[in-house]
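Residue numbers (my numbering): 411 to 542. Here's the structure we're looking at; comments come further down.
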């Protein structure tokens, strides 16, 4: 039981490292960061418990290659690939940061106490400079 729990923690940590490596590549566009994404993806693919000696499981390597290409050369298809990946991210903070890194449109979330039609009245009540 303890080895299973340890294995799941390691898997979760490796998956998080993969997400962070993709984020880093989205920010830097550096080839070394792209290679780090592919290396981590290969580690995750080798963890597949159903492969039994086969190296056919390539989900993370294939997905990583698609994501890196979509980040590097944005087009209509790549936007769909990046949005699909963004929808799969469970961590809200990571999702927001990645969306900002790829300049994806995020739905605007207004605080609950602020009416939607309210005008910004920051300067209301202040005298103009011309009157000084």
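We put the CB at the ideal spot given by N, CA and C, even for glycine. All of these numbers come straight from a predicted model, not from anything done at the bench.
- For residue 443, the enclosing alpha helix (DSSP H) covers residues 441 to 456.
- Note that the C-beta distance between residue 428 and residue 451 is below 8 Å.
- Distances from the alpha-carbon of residue 433 to those of 483, 474, 418, 456 put 474 closest.
- Only exposed fits residue 469, as fewer than 16 other CB atoms lie within 10 angstroms of its CB.
- Boundaries of the alpha helix (DSSP H) harbouring residue 491: 486 to 498, taken from the DSSP string.
- The three-state secondary structure of residue 512, taken from DSSP, is coil.
- Non-local C-beta neighbours of residue 435 in its own chain, meaning closer than 7 Å and more than five positions away in sequence, comprise 443, 444, 447, 478, 481, ordered along the chain.
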